Amino acid sequence: MDTVPSYGLEDIFCPKVIDEKVYGRGACDMKGAIAAMLYSAKIIKEHNLIPNSNIIYAFVCDEEFQSLGTEKLIKSGIRADVAILGEATNMNIGLGHKGLEWIDIEIIGKGGHGGTVEDGVNAIYISSKLINLIENNLIPKIKNRRDELLGSPTLNVGFIKGGEQPSTIPERCVIKLDRRYIFGESIQLIYDEINELLDEVRKYYKFNAVVKPNPMNKNEMEHTPYLIDKNHPIIRHIKDLSKNILKFNPKEICFSGWTDAALIGNYAKIPTVILGPGNLNFAHCKEEHVSILELLMASKLYTLIAYTY
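The sequence shown begins at 1 in UniProt numbering and counts up one residue at a time.
In structure tokens, the structure reads:
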């Protein structure tokens, strides 16, 4: 249910309809899918449709950070034959995605007066050296690893902050990384490779470093990679419904972000498909939107899946 904050953008929580698209924060990530699911429930009730199975609608919070809502749902003992997760796939069939680890690195040098730089150890210089090694050594290294469906791992330096003012040697600098990992990579490997780079930087500087998981990223359950079995019958069922009734030929894709499908699939052991209206490229930005056509398609398809599977 949650989405990202407005980040200072005005009127982003006031939806606008322009050119048959609904604009606003959360339009495609992922209030559009929630609206489509609720409308499917309305259709089922109003037309007295009797689904083949019991249908559970689960609207959870905190997916953008620790996934507390889904963790609680899983711990409650929820069971199902399959799950449909409504993240934005342009109504294509999302088979899964890479795992996600946010990493905090604090570099601790030696502060001092800007006029006596020879007496200090500049934490920003150390961080710069580390970032260069990440870009030129580690990223090319992990690009050589490849999963047939998920592709190669990625690493992004997304945040850096250090120092207090120009005339002070910065004692501390914080770097935050986004690491997307594939099957065959472990959390231990991810941190070992960061620590190997820090050992390389220690050849040039004397410093301390603290490397740890970002506490906002996850709670008790690891944000692992996930893939549904490509031969699971729900895949063929969705394809047939899409082609025969909606006249839409969906692609099988790997989702570019991380989703709660990993928790539902890996921890609750419920085969999960990622399927929803909207384009993830527009999520979290000022132009976030979802087309009304895809909202209607999603409502119809969710209803058909609930009624026929």
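All C-beta atoms in this analysis are idealised placements derived from N, C-alpha and C, irrespective of residue type, glycine included. Please read these numbers as outputs of a predicted model, since none were measured by experiment.
A distance below 7 Å between beta-carbons, with the five flanking residues on each side excluded, links Val121 to the following residues of its chain, in chain order: Gly109, Lys110, Tyr205, Lys206, Phe207.
For the pair Ala27 and Val273, the CB atoms are not nearer than the 8 Å cut-off.
Residues of the same chain with a CB within less than 8 Å of the CB of Ile182, apart from the 5 flanking positions on each side, are Lys98, Gly99, Arg145, Arg146, Asp147, Leu150, Gly151, Ser152, Pro153, Pro225 in chain order. Selection Val82, Lys75, Ala41 evaluated against Asp229 yields Val82 as nearest (Cα-Cα).
In the structure shown, Asp147 falls within a strand segment according to DSSP collapsed to helix, strand and coil. A distance of 8 Å or more separates the beta carbons of Leu197 and Asn136.
Distance between Tyr23 and Val201, taken at the CA atoms: about 47 Å. For Asn195 against Val211, the beta-carbon gap comes to about 6 Å, under 8 Å, which counts as contact.
For Lys300, the uninterrupted alpha helix (DSSP H) segment begins and ends at 292-308.
Judged by DSSP secondary structure, Tyr23 falls outside any alpha helix (DSSP H) and instead within the beta strand (DSSP E) spanning 21-23. In the three-state DSSP reduction, Glu135 falls in the helix class (H, G or I). Here Lys286 is near Leu9, since their CB atoms are less than 8 Å apart. If one requires a minimum length of 3 residues, the beta strand (DSSP E) runs lying completely within the segment 218-269 are 252-254, in chain order. Taking the CA atoms as reference points, Ile169 sits about 5 Å from Gly114. Going by beta carbons, Leu295 and Gly32 fall inside the 8 Å limit.
Residue environment: Ile56 is assigned as exposed (fewer than 16 neighbouring CB atoms within 10 Å of its CB, all protein chains considered).
Between Thr89 and Ile253, the C-beta spacing is below 8 Å.
Sequence-distant Cβ neighbours of Val174 in its own chain, meaning closer than 6 Å and more than five residues away, are Glu106, Lys161. In the structure shown, Ala209 adopts extended strand secondary structure according to DSSP, grouped into three states. The DSSP assignment places no complete run of the alpha helix (DSSP H) inside the segment 89-125 (cut-off: 4 residues). Restricting attention to Phe248, Val60, His223, the CA atom closest to the CA of Gly265 is found in His223. Looking at the backbone, the Cα of Tyr309 and that of Lys45 are separated by about 17 Å.
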